[in-house]
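What follows is a single structure, written as structure tokens, with notes after it.
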Amino acid sequence: MRNFTCVQDLGDLQQALKEAFEIKKDRFQFSELGKNKTLLMIFFNSSLRTRLSTQKAAMNLGMNTIVLDVNQGAWKLETERGVIMDGDKPEHLLEAIPVMGCYCDVIGVRSFARFENKADDYNEKILNQFIQYSGRPVFSMEAATRHPLQSFADLITIEEYKKTARPKVVMTWAPHPKALPQAVPNSFAEWMNATDYEFVITHPEGYELDPKFVGHAKVEYDQKKALEGADFVYAKNWAAYQDPNYGKVINMDRNWTVDTEKMALTNNAYFMHCLPVRRNMIVTDDVIESPQSIVIPEAANREISAQTVLKKILEGLK
Ligand code: CP
3 MRNFTCVQDL GDLQQALKEA FEIKKDRFQF SELGKNKTLL MIFFNSSLRT
53 RLSTQKAAMN LGMNTIVLDV NQGAWKLETE RGVIMDGDKP EHLLEAIPVM
103 GCYCDVIGVR SFARFENKAD DYNEKILNQF IQYSGRPVFS MEAATRHPLQ
153 SFADLITIEE YKKTARPKVV MTWAPHPKAL PQAVPNSFAE WMNATDYEFV
203 ITHPEGYELD PKFVGHAKVE YDQKKALEGA DFVYAKNWAA YQDPNYGKVI
253 NMDRNWTVDT EKMALTNNAY FMHCLPVRRN MIVTDDVIES PQSIVIPEAA
303 NREISAQTVL KKILEGLK
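Taking this note's numbering, the leading residue of the sequence shown gets 3, the next gets one more, and so forth.
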């Protein structure tokens, strides 16, 4: 594997899951693979889980790691071609990217949707420039439209907890005060569509996702109806995708918050969220603290998804 930006890059998903569970049994069994190899992790946006789990995964594989927070201590980067650079950005991304590539063997990039230009976001302008100009394998640590390391960890978690071969998984929109990108729900939908699970998406009208990601999921606007019989409830907020409201918060209705009453409609479902989560907006204290909440094992599996992806990239370097 050269680059990792979406589920298709992994190849055979069942094989990738098998590798992930093999790594989970003994995460230090491949500690020679990354010897004398350097991972550069570049963050244009904040992170707790992605930063720690990816660095830990690289260390398990014997890699050295460098972390760069672009907005803290690095030169401010211009991203547009043709701009007369007489403002506050002294360096262009088109020089910075190949320079970064000189110091490492693999690059991880976090660059969220900016909600300034929908085409730029949905064409993954920043991530693709890293792929094009760095000369190194690049993997997404959450880009504008997808968060594949999170979705892979979500899938590993569902595989671990599922009680039937084909569980019902419901992704529900929930309210949030800020405009959040669609990367997590897009990506989760893409990965669920790559399984044979029963997959349902529920959200208020106006929050329809890009059909490319919705795929063959059932969309149900009645949240309670959607949750009936669910085995897994995956809560997430996202800002509107459809024009003219792209990137806007158009609903903050707390009737969509996941609470015990909603969970009672399910098949004793497990509650999932990628974290960080705003309590009593997305989910009540009672639900996230309940025995059915698996948000911590889900976060723990970020180390496994990152290590599986890094292992495949390192194997491709040889
Ligand atoms: N879920 C996730 O990606 O968490 P961070 O934003 O903290 O990395």
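Cβ coordinates follow ideal geometry from the N, Cα and C atoms, glycine included.
Remember, predicted model here, so these are calculated numbers, not experimental data.
Item to check | LYS180 versus ARG116: straight-line alpha-carbon distance, rounded | outcome: Counting from one through the sequence shown, the residue named residue 180 turns up at place 178. Counting from one through the sequence shown, the residue named residue 116 turns up at place 114. Cα-Cα distance, rounded: 13 Å.
Item to check | MET274, DSSP secondary structure in three states | outcome: In the sequence shown, the residue the question calls residue 274 occupies position 272. In this structure, MET274 counts as strand in the three-state DSSP scheme.
Next on the checklist: Considering only their Cβ atoms, is the gap separating THR159 from ILE1 smaller than 8 Å?
Outcome noted: Outside the shown range of the chain, which is 3 to 320, sits residue 1, and nothing can be said about it.
Next on the checklist: Applying the 10 Å Cβ sphere with the 16-neighbour rule, what's the burial state of VAL9?
Outcome noted: If you number the sequence shown from 1, residue 9 lands on position 7. Under this definition VAL9 is a buried residue.
Next on the checklist: Less than 6 Å between C-beta atoms, sequence neighbours within five positions excluded: which residues of the same chain meet that for LYS220?
Outcome noted: Numbered from 1 along the sequence shown, position 218 holds the residue referred to as residue 220. Counting only Cβ-Cβ distances below 6 Å, and skipping sequence neighbours, we find VAL202.
Next on the checklist: Just to check my reading of the structure: THR174 and VAL235 have Cβ atoms closer than 8 Å, yes? What is that Cβ distance to the nearest angstrom?
Outcome noted: Here residue 174 corresponds to residue number 172 of the sequence shown, with the count starting at 1. Here residue 235 corresponds to residue number 233 of the sequence shown, with the count starting at 1. Indeed, because the Cβ distance is near 6 Å, the residues count as touching under 8 Å.
Checklist entry - Going straight from the alpha carbon of TRP77 to that of GLU93, what length do you get? => result For this step, residue 77 is matched to residue 75 along the sequence shown. For this step, residue 93 is matched to residue 91 along the sequence shown. Looking at the two C-alpha atoms, the distance is approximately 6 Å.
Item to check | According to DSSP, residues forming a beta bridge with HIS94 | outcome: Indexing the sequence shown from 1 puts residue 94 at position 92. The partner list for HIS94 (beta bridge, DSSP) reads GLU80.
Checklist entry - Is it the case that the Cβ atoms of ILE284 and VAL260 are separated by a distance below 8 Å? => result Numbered from its first residue, the sequence shown carries residue 284 at position 282. Numbered from its first residue, the sequence shown carries residue 260 at position 258. Yes, these two residues count as a Cβ contact at 8 Å.
Checklist entry - For ALA185, which residues from the same chain have a beta carbon less than 8 Å from its beta carbon, with the 5 sequence-adjacent residues on both sides left out? => result In the sequence shown, residue 185 corresponds to position 183, counting from 1. Taken in chain order, the residues that qualify are PHE114, ALA115, GLU144, ALA145, ALA146, THR147, ARG148, HIS149.
Checklist entry - If you follow the alpha helix (DSSP H) that ALA302 is part of, which residue opens it and which one closes it? => result Stepping through the sequence shown from its first residue, residue 302 is reached at position 300. Start and end: 297-319.
Next on the checklist: For a test of your reading of the model: does the CB of GLN152 fall under 7 Å from any non-hydrogen atom of the ligand CP? Yes or no.
Outcome noted: Within the sequence shown, the letter at position 150 stands for residue 152. Yes, since a heavy atom of the ligand CP falls inside the 7 Å radius drawn around the Cβ of GLN152.
Item to check | Residue environment, ASN270, which counts as buried when at least 16 other CB atoms sit within 10 Å | outcome: Your numbering for residue 270 matches position 268 in the sequence shown. Per the 10 Å Cβ criterion, exposed.
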